[in-house]
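As structure tokens, the structure follows; a few thoughts come after it.
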Ligand code: MG
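In my numbering, the protein residues as written are 976 to 1142.
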């Protein structure tokens, strides 16, 4: 694997949180995960892809996911978040960058995500079109505290790098 040089490397941070409700499918990082509750959102509520997208856009100083795909626009109602991420990646490329690595923390009290971390990393890598060894997914509970701890929400924090296409 060729490691990127530090020349022109940029870092972005992304964060998102969505409410959980019964009768919704839980989709995290493009992976459907068995759960009593799923995430509520104008799109499919994939909080992991939203936070990753914002981190990559932020690293390029581009407008955020809410600016690019407003939740007031009926065009994005129920949309697969993979499509939003893919469209945002076109903006990243047009700005002259390619994704470097992605490091995510999924804050979820339930369900236990250990068994899904590998599938999530593979799914994210394939959506962003980067090698799977440049994507890392961690899962943490909130020790029973706050809306995440009471299984009312799932949040995600992401740090990502982008590398200039033509340094
Ligand atoms: Mg969101």
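Positions of the beta carbon are idealized from the N, C-alpha and C atoms, including for glycine.
Within the same chain, Cβ atoms closer than 7 Å to the Cβ of residue 984 are found at 1075, 1136, 1138, the five residues on either side in sequence being excluded.
In this structure, DSSP gives residue 1136 an extended state, which the three-state scheme calls strand. At a cut-off of 8 Å, the beta-carbon of residue 1112 does not count as near ligand 1: no heavy atom of the ligand is closer than that.
DSSP, read as helix, strand or coil, puts residue 1101 in helix. Taking the Cα positions, residue 1134 is about 26 Å away from residue 1010. For the set 1141, 1006, 1047, 1059, the Cα lying nearest the Cα of residue 1073 is the one of 1141. For residue 1066, the uninterrupted alpha helix (DSSP H) run begins and ends at 1056 to 1069, by DSSP. Taking residue 1132 as the centre and dropping the five residues before and after it, the same chain places the C-beta of 988, 989, 990, 1026, 1079, 1080, 1082 closer than 8 Å to its C-beta, in chain order. Assigned with DSSP and collapsed to three states, residue 1115 falls in strand. Out of 1001, 1030, 1042, 1032, the CA that lies nearest to the CA of residue 1020 is found in 1001. Residue 996 sits exposed, since fewer than 16 C-beta atoms from the chains shown fall within 10 Å of its C-beta. Boundaries of the alpha helix (DSSP H) around residue 1023: 1022 to 1034. Beta-bridge annotation (DSSP): residue 1014 is paired with 995. If you draw a straight line from the Cα of residue 1113 to the Cα of residue 1084, it is about 13 Å long. Only residues of its own chain outside the window of five on either side were considered, and among them 1004, 1005, 1006 have a CB closer than 8 Å to the CB of residue 1098, listed in chain order.
Scanning 1024, 1013, 982, 993 for the CA closest to the CA of residue 1096 turns up 1024. Excluding its 5 nearest sequence neighbours in each direction, residue 1122 has C-beta neighbours in its own chain below 7 Å: 1128, listed in chain order.
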